[in-house]
Amino acid sequence: MRDFFTAGLTSPTRLVPLFAVTVALAGCGGGGGGSSNDSSCPGGFIVCSGTDTTTPASPTVTVSVIGSDGATTMTLPSSGSVTVNALIKTAAGAVVPAGTLVVFTTDSNLGIFSPASGSALTNAAGVASIKMSAASLSAAGAATLTATATIGDVSVRGSTTFQVGAANLSLSGLTVSPSSIPAYGTSIVSVTVNVNGAPSTAPLTVSLTSGCVIGGKATLPVAVQTVNGQATATYTDKGCNATDTITVSVLDQSRQGTITVAGPQAANIQFASASPGTIALKGTAGLVDVSTVTFKVVDATGNAVPSANVDFYLSNWTGGIKLDDKSQAEVDALTATGGRVRKQTAADGTVSVAVQAGSNPASVWVLAKLKDSTLETQSSKLVISTGLPTQERFSLSVGTHNIEGWSYDGVQTALNILAFDRVGNPVPNGSTINFVTEGAGVSPSPGVCSIVDAACTVQFVSGERRPQSESVGVCLDGSGNRVTHANAGAIANTCVYSGRVTVLAYANGEESFADTNGNNLYDSLTETHRPLGDAFVDNNEDGIWTSPEQFFPFQATGANANPTQSCPVGDVGYATAKSKANTCNSNWGQAQVRRDQVVVLSGSYVANVYKVSDNSYVPPSSTTLYVGDTFGGATGGSCVSTFTMRISDVNNNPLPAGTRIEVDDNGVQYMQVAGTDLSKVEARISGDTVLDTTVPGGTIHGVTLRGSKCATIPSGVLTLKATSPKGLVSYLPVRVNDAQDITAAGFSVVGASANVVSVTNNRPVVLINDAGFDVAGGTCSASFDLSITDTGGVLPTTAQWNSGLFGVLEDNLVRYEITVPLSPITTLAASAALSFPPSGSVRTHRVSLQGPGCTASTVTTNGSVSLRVPTTTGRLATIPVTVRRAP
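Residue numbers -26 to -1, 1 to 861, in mature numbering (1 follows the signal peptide of the UniProt record, and there is no 0), belong to the letters of the sequence shown in order.
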């Protein structure tokens, strides 16, 4: 065993430092219980015992505050800023790498950072820097300033303390330059903001206001920022016209200055508006009878002049018009203002006065003059009217009543409204007119129109529904009046039950009255009015409401409410202003003014023909109008005959307006004195165009036939045609002096071949079937035989014949159609084999029909051929022959 004292040990003096290091290490942390066998003991030279208190080293954060002079400080000034530095080192004492993130925090009520995030990165020296300033000028107190960084996985922090004292804030040098300005001029307001006795180097917010700014009569910025302690703003006048106090303030500090603003000088007075521009007569129920007329006074730059005195008067006082609720006499009595209504302009330069209507329609102007000035002007025209259409001045007209709309949609006609008040003034623009139709419709949507200059228009448009098979027919009586079919005087063949559309137009208005004293007011004790009840759509045109006709109740107010009395019938001018029974009363007032009209949806073709002379109907199976001899004989002079016919469409309504009636073919011929050839009469049509009408039963048209130097009486077939506006054509054959003349001349016609199936009233009917036509060499032909005898069946004597004219073919309307290939209908070339018969002998006369281009598939069509039989009595008797295809 070694001797302790002989071992080579360090001297006690050298052991002291070694102990200090140990303590230092223990201070770094770690250590614990141990023994001589602990491996931490140095080779057994020293026996270890107790706890190891050595602490390992850690990263460090050192925070410092640097003032504007570069020295370390603990004070944060109330203005300006300081620099906060954080030095970051590792556990080994080396600075951290550049770019290490450091976050600074403190009490935000005392200090704020720039940037506001409070974060910065270290530089190459391991230092992160940030600016800090006082949170506000009023901030005061002490706080801890902390910097935090993360080194590896270890978060380390360091801190220091600082204090901030409240700033000594003051305002000085408030100026307003210039201190006096003209109207709408400007001035500069400036003030110095001091912090701790010196102009603030930091931007501070300065607030500004004034009495006129608050009142909207001047403008100032709400706030401005100081620059090196100086705040500047522009004051702009907007009609202040006073001495205005300007206040500037920062926190609890404020200063005031004054500016004198001159008032503007009036340079012009302008008319601004009249609202409304049209007013109703005094006392017109439910309508405005007062207009507010406004003027504006401005200076030379067009800016408003407030508090200016303006005097008013009227151009006329018709019917008791009032100004500012004063009559003319009351205004004239205002001696203090020179017999004028005086008012003062508002801040915006405007001044208004009320005009109240009198009892008479009129146009009036308001005269305005600036007090103690030559400036004056007048308003625009103010119209005073009832504002309501009156029944007797409410009109509905139709552009065209009978339109080609029975078979066509979209055919239009105008529905025109005119609306005036009780003295003929236009009702206000924008007044609404309502339309209701029994069928079809009106355009555009929504089926109303608005009055402009007393008028408005919508379009009636044809379409479904098309009224048909109505239970009540509209007819004419013997005097031409319209009656229902049930009327004892109704002419049956004029009645119509379909194709007629009733159109109703109505608007809010007033009942008409007889203004016997001319005061334009209804005086119930001395004047009468014409009551109006509920309007209705008169589908059957009988003037009386019957279910299910649509009606429109009008519930008026005041004296005209709850109408339950009977309505007058037959008032002049009220035929188109009908009222539902028992919906009137005895009080004058507002009502629905109304008018109705009928629009006819006319068919395109002639479907019905009537002889006006006896009002007889020409059946569709005949489609031929027969006219007898009205020429008055053949005397060698002129011969004239006139006949009239009535034509209508499929519903017995008139054809569409604009339908043309004209001669298509004229076969009415005669012989002239000393002539050998036949001449045609001159045919003229009176009423050659269907006019605008709604008359039931159709329209009447006259035809005049005229010849000259007449040796024989004209006869033959006149074919008329009717062309609708859409170009659709109807043909109307008219036979003049037909087969009845044979009987009159003492002759009769007898069929002499099998295909002459009948002879009625000397009108032969011939049936020829396809096989009856011989087809040879492309020509087809057929014939039939007739015999002419006197009324007793005896052959005529020679003296009864005019041999020079016998056998003339008058007219040929037999046509055929080649169906393969398809070809138009072509007229057959017909010839008459009539010849002068020997006296006393029986002679059969043959009529041949032939035409080229025939094939076995040729189809004959119905037609006719007329033969002329001359007599020694000067007549050219006609034998009409109907040729029909055999069944």
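Quick reminder that beta carbons are idealized off the backbone N, C-alpha and C, glycines included.
{"Asked": "Contact under 9 Å by Cβ, Asp263 with Lys256", "Found": "yes"}
{"Asked": "Member of Gly203, Gly54, Ser590 whose CA lies at the smallest distance from the CA of Ala465", "Found": "The sequence as given places Ile at residue 465; Ala does not occur at that position. Comparing Cα positions, the closest option is Ser590."}
{"Asked": "Spatially closest choice to Lys317 from Asp285, Thr64, Val329, Ala246, by CA coordinates", "Found": "Asp285"}
{"Asked": "The segment 665 to 682 contacting the segment 610 to 629, beta-carbon criterion three pairs below 8 Å", "Found": "yes"}
{"Asked": "Terminal residues of the alpha helix (DSSP H) in which Asp306 lies", "Found": "302 to 306"}
{"Asked": "With 16 other Cβ atoms within 10 Å as the buried cut-off, status of Gln199", "Found": "exposed"}
{"Asked": "Inter-residue Cα distance where the pair is Asn513 and Lys695", "Found": "33 Å"}
{"Asked": "DSSP beta-bridge partners of Ile465", "Found": "For Ile465, which the question treats as bridged, DSSP gives no partner whatsoever."}
{"Asked": "Assigned secondary structure, Ala393 (DSSP; H/G/I helix, E/B strand, else coil)", "Found": "strand"}
{"Asked": "Close Cβ partners of Ser326 (< 8 Å) along its chain, the five nearest in sequence each way excluded", "Found": "Thr266, Val267, Thr268, Phe269, Lys317"}
{"Asked": "CA nearest to the CA of Phe528, picked from Glu304, Phe510, Gln244", "Found": "Phe510"}
{"Asked": "Straight-line Cα distance separating Tyr158 from Val76", "Found": "57 Å"}
{"Asked": "Paired residues, beta bridge with Pro707 - DSSP", "Found": "Thr693"}
{"Asked": "Backbone CA spacing between Gly312 and Ser281 [nearest angstrom]", "Found": "19 Å"}
{"Asked": "Pair within 9 Å by beta-carbon distance, Ile635 and Val664", "Found": "yes"}
{"Asked": "Under the three-state DSSP convention, the category Cys541 falls into", "Found": "coil"}
{"Asked": "Proximity of Leu506 and Cys449 at Cβ, strictly below 9 Å", "Found": "no"}
{"Asked": "Same chain, Cβ closer than 8 Å to Gly661, neighbours up to 5 away in sequence not counted", "Found": "Ile635, Thr673, Ile674, His675, Gly676"}
{"Asked": "Exposure of Leu499, with buried meaning 16 or more beta-carbon neighbours within 10 Å", "Found": "exposed"}
{"Asked": "Residues near Ser(-16) in its chain [Cβ-Cβ closer than 6 Å; skip 5 each side]", "Found": "Because Ser(-16) sits at a pLDDT of 38, beneath the cut-off of 50, its placement in the model cannot be relied upon, and the following sentence gives the value as read from the coordinates. Nothing listed; no residue qualifies."}
{"Asked": "Ser228 beta carbon less than 9 Å from that of Val235", "Found": "no"}
{"Asked": "Residue interval of the alpha helix (DSSP H) (run including Cys186)", "Found": "185 to 188"}
{"Asked": "Buried/exposed call for Glu378, threshold 16 Cβ in 10 Å", "Found": "buried"}
{"Asked": "Simplified DSSP assignment, three categories, for Ala460", "Found": "coil"}
{"Asked": "3 or more residues per run - each beta strand (DSSP E) lying fully within the segment 194 to 241", "Found": "197 to 199, 204 to 211, 217 to 224, 227 to 235"}
{"Asked": "Exposure label - Glu438; buried when at least 16 CB within 10 Å", "Found": "exposed"}
{"Asked": "Residue nearest to Val201 in terms of C-alpha spacing, selected from Pro177, Asn625, Ser587", "Found": "Pro177"}
{"Asked": "Cβ-based neighbour list, Phe487, same chain, cut-off 6 Å, excluding 5 preceding and 5 following", "Found": "Tyr496, Glu501, His503, Trp562"}
{"Asked": "Where Ser146 falls, given that 16 or more other Cβ within 10 Å makes a residue buried", "Found": "exposed"}
{"Asked": "Burial state of Leu95 (16 or more Cβ within 10 Å)", "Found": "exposed"}
{"Asked": "For Glu350, the three-state DSSP class (helix, strand or coil)", "Found": "strand"}
{"Asked": "Reduced DSSP secondary structure (H/G/I, E/B, other) of Thr96", "Found": "coil"}
{"Asked": "Coil, strand or helix - Thr309 by DSSP", "Found": "helix"}
{"Asked": "Environment of Thr374 [buried if 16+ CB atoms lie within 10 Å]", "Found": "buried"}
{"Asked": "Length of the line joining the Cα atoms of Thr856 and Cys423", "Found": "58 Å"}
{"Asked": "Nearest-angstrom Cα separation, counted from Arg568 out to Tyr480", "Found": "4 Å"}
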